[in-house]
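If you're matching positions, the sequence shown starts at 30 in my numbering and goes up one per residue. Each residue gets a CB set at the ideal place from its N, CA and C atoms; glycine is no exception. Bear in mind that the values here come from a model prediction, so they are computed numbers and not experimental data. This report refers to the structure that appears directly beneath it.
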Amino acid sequence: VYDINFENVQAGLRTDFLFRLAGEKKGFVVGTGDLSELALGWCTYGVGDHMSHYNVNCGAPKTLIQHLIRWAAAKEFDARTGKILTSVLNREISPELVPVEAGQAQKTEDKVGPYELQDFNLYYVTRYGLKPSKVAFLSWQAWKDKYDLKTIRHWLEVFLFRFFTISQFKRSAVPNGPKLISGGALSPRGDWRAPSDGNARLWLEELKANVPD
Numbered sequence: 030v031y032d033i034n035f036e037n038v039q040a041g042l043r044t045d046f047l048f049r050l051a052g053e054k055k056g057f058v059v060g061t062g063d064l065s066e067l068a069l070g071w072c073t074y075g076v077g078d079h080m081s082h083y084n085v086n087c088g089a090p091k092t093l094i095q096h097l098i099r100w101a102a103a104k105e106f107d108a109r110t111g112k113i114l115t116s117v118l119n120r121e122i123s124p125e126l127v128p129v130e131a132g133q134a135q136k137t138e139d140k141v142g143p144y145e146l147q148d149f150n151l152y153y154v155t156r157y158g159l160k161p162s163k164v165a166f167l168s169w170q171a172w173k174d175k176y177d178l179k180t181i182r183h184w185l186e187v188f189l190f191r192f193f194t195i196s197q198f199k200r201s202a203v204p205n206g207p208k209l210i211s212g213g214a215l216s217p218r219g220d221w222r223a224p225s226d227g228n229a230r231l232w233l234e235e236l237k238a239n240v241p242d
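Rendered as structure tokens:
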């Protein structure tokens, strides 16, 4: 059964092997998570990709990382390397924790929403502290050619629930890493301090009251 427990065991074993190899080679484990995953709690706590010796990408949202890879592929490397980097970008974003069935890869954005929307939500919540209805309005203005208001509202609900209700305990125990953008960082030692037992009730009520279904 490929349930959440199976996925967590897979993620834990990957990280366990990395730490054991780092000890053998007298090296350290570089984290793979990014700012978007920290915001959404999209990582396996403690034993999985949540943990490393140093997380180099923790201050960069997913969409910025994609942009940087595109830039590096075009400007920094030879054609062969650029082609490889572009092929990575073109792959479905996936934790790859369950077997691929009938050519259908596990899709992260089916669970947490489009990263372009969630990074937008994250920026306006953490950088400006805007109320959810204002974030929804700005998001609709920016993305209405691609997403309708119902879709924008749905994924903002998902963002608020994951960010405020179920993810802070993971952010309260993260490895060191750099702050990279003006939107802020989510390290408890830096820009973002919040209780791990908080919830999103007030944010969700404000969204429901002011943005139609």
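Same chain only: Cβ atoms within 7 Å of residue i, ignoring 5 sequence neighbours per side
i: residue 162; result: 235, 236, 239, 240
i: residue 219; result: 208
i: residue 213; result: 155, 156, 220, 221
i: residue 126; result: 36, 39, 40, 135
Exposure label - residue i; buried when at least 16 CB within 10 Å
i: residue 203; result: buried
i: residue 115; result: exposed
i: residue 150; result: buried
i: residue 113; result: exposed
i: residue 128; result: exposed
i: residue 70; result: buried
i: residue 100; result: exposed
Own chain, CB closer than 6 Å to residue i, minus 5 neighbours either side, in chain order
i: residue 192; result: 68
i: residue 121; result: 134, 136
i: residue 102; result: 111, 114, 115
Reference residue i; option with closest CA among the options
i: residue 46; options: 34, 107, 76, 32; result: 76
i: residue 188; options: 38, 220, 230; result: 230
i: residue 232; options: 35, 141, 194; result: 194
i: residue 117; options: 94, 159, 138, 222; result: 94
i: residue 57; options: 221, 214, 205, 227; result: 205
i: residue 141; options: 181, 119, 200; result: 181
i: residue 199; options: 126, 216, 160; result: 216
i: residue 31; options: 130, 201, 153; result: 130
In DSSP terms, what residue i is bridged to
i: residue 141; result: DSSP, once it has assigned bridges, lists no residue as partnering residue 141.
i: residue 157; result: Looking at the DSSP assignment, residue 157 forms no beta bridge with any residue, so it has no partner.
i: residue 105; result: In DSSP, residue 105 forms no bridge with anything.
i: residue 83; result: 59
Close beta carbons around residue i, own chain, < 8 Å, minus the five adjacent residues each side
i: residue 41; result: 73, 76, 77
i: residue 224; result: 197
CB contact check: residue i to chain C, cutoff 7 Å
i: residue 139; result: Protein chains in the displayed structure number just one, and chain C is not present.
How about the segment 58-65 and the segment 74-92: do they share at least three Cβ pairs that are nearer than 8 Å?
-> Yes, since at least three Cβ pairs between the segment 58-65 and the segment 74-92 fall closer than 8 Å, the two stretches touch.
Are at least three pairs of beta-carbons, each pair with one atom in the segment 86-104 and one in the segment 198-213, less than 8 Å apart?
-> Touching, yes, given that three or more Cβ pairs across the two stretches are closer than 8 Å.
Between the segment 51-60 and the segment 167-179, are three or more C-beta pairs nearer than 8 Å?
-> In short, these stretches do not touch, since the Cβ pair count stays below three.
Touch check for the segment 143-157 and the segment 90-101: three-plus C-beta pairs under 8 Å?
-> In this structure the segment 143-157 touches the segment 90-101; the number of beta carbon pairs closer than 8 Å is three or more.
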